[in-house]
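Student: Pasting a structure below so you can have a look.
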Amino acid sequence: MYADIVQRPEYRAAKTETALGLLPELLEEASGRVDATAGQKRLVGQQAVLVSNNPYATRDPLAGGRRPGLDRGKLGVIGLRVENAAQAADLAVRGERAPGLTVQTARRVEITAGADTLPVAVDGEALALSPPVVCTVRRHALRVLVPRIRPGSVAPSSPLNWRWITALALGRAR
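Counted the way our numbering counts, the sequence shown spans residues 1375 to 1548.
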């Protein structure tokens, strides 16, 4: 379903609203189900499985959110299985506690299906991959340098230069 969602033009400007607006339609249309093995846990008959590099830090896993770091060596796994409107409403009300939603972490996830190809989205790009789709993570495999001040980050506080402050207070600052 996510592969369908990311192809919509309105997704870039309003990710959460677009996903939530399309979810009922896509759940109804979803004919193919997938099974996943996340670590030791088996997820059967899922309509959607989201695998992320590190879990999202949010109380509502369907709302997206931010990941405080990408170097924890874990995959975030969200499985979705909703059979009817009552279960969809339960999911909307109870969130992570709803029985149709599985939220966990694993170091390896394998997704299988009865189809020849699976529609998937990788970093916002829609692809079709042959099952099984296997996701693994290697802790600290890639080092990425990012600007200290960037959208979504808290600006670091400047360390106080007590010598300069003292000199300024005594009228000796240059």
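Beta carbons: idealized from backbone N, C-alpha and C, even for Gly.
Please report the residue range of the beta strand (DSSP E) in which R1446 lies.
Tutor: Taken as a continuous stretch (DSSP letters only), R1446 belongs to no beta strand (DSSP E), as it is neither H nor E.
Student: How long is the line joining the alpha carbons of P1525 and K1448, rounded to whole angstroms?
Tutor: Roughly 24 angstroms separates the two Cα atoms.
Student: Have a look at R1407, A1489, D1464 and flag the residue whose alpha-carbon is nearest the alpha-carbon of L1503.
Tutor: For the residues R1407, A1489, D1464, the minimum Cα distance to L1503 belongs to A1489.
Student: Report all residues from its chain with a CB closer than 7 angstroms to the CB of N1428; omit the five preceding and five following residues, and keep chain order.
Tutor: These residues qualify, in order along the chain: R1441, G1443, L1444, R1446, K1448, G1450.
Student: What is the rounded straight-line gap between the Cα of L1454 and the Cα of Q1461?
Tutor: Roughly 11 angstroms between the two C-alpha positions.
Student: How about the segment 1478-1498 and the segment 1405-1417: do they share at least three Cβ pairs that are nearer than 8 angstroms?
Tutor: With a cut-off of 8 angstroms, the segment 1405-1417 and the segment 1478-1498 count as touching, because enough Cβ pairs lie within range.
Student: In terms of DSSP beta bridges, what is L1454 paired with?
Tutor: DSSP lists A1422, L1475 as partners of L1454.
Student: Can you give me the start and stop residues for the beta strand (DSSP E) that V1483 sits inside?
Tutor: 1482-1487 is the extent of the beta strand (DSSP E) around V1483.
Student: Where does the unbroken beta strand (DSSP E) through D1409 begin, and where does it stop?
Tutor: First-last of the beta strand (DSSP E) with D1409: 1408-1412.
Student: With a Cβ-Cβ cutoff of 7 angstroms, do L1424 and I1452 count as a contact?
Tutor: Cβ atoms of L1424 and I1452: closer than 7 angstroms.
Student: A1463 to K1389, Cα distance in whole Å?
Tutor: Distance between the alpha carbons of A1463 and K1389: 21 angstroms.
Student: Determine the burial state of Q1421: buried for a count of at least 16 other Cβ atoms within 10 Å of its Cβ, exposed for fewer.
Tutor: With 16 or more Cβ atoms within 10 Å of its Cβ, Q1421 is classed as buried.
Student: Assuming contact is defined by CB atoms lying nearer than 7 angstroms, are A1500 and Q1381 in contact in what I supplied?
Tutor: Against a cut-off of 7 angstroms, the Cβ pair of Q1381 and A1500 comes out as a contact.
Student: Who are the Cβ neighbours of R1482 in its own chain at under 6 angstroms, not counting the five residues just before and after it?
Tutor: Cβ neighbours of R1482 beyond the five flanking positions: T1510.
Student: Report buried or exposed for L1516, applying the criterion of at least 16 other Cβ atoms within 10 angstroms of its Cβ.
Tutor: It is exposed - the Cβ of L1516 has fewer than 16 other Cβ atoms within 10 Å.
Student: Identify the residues that DSSP records as bridge partners of L1501: which are they?
Tutor: For L1501, which the question treats as bridged, DSSP gives the partners V1494.
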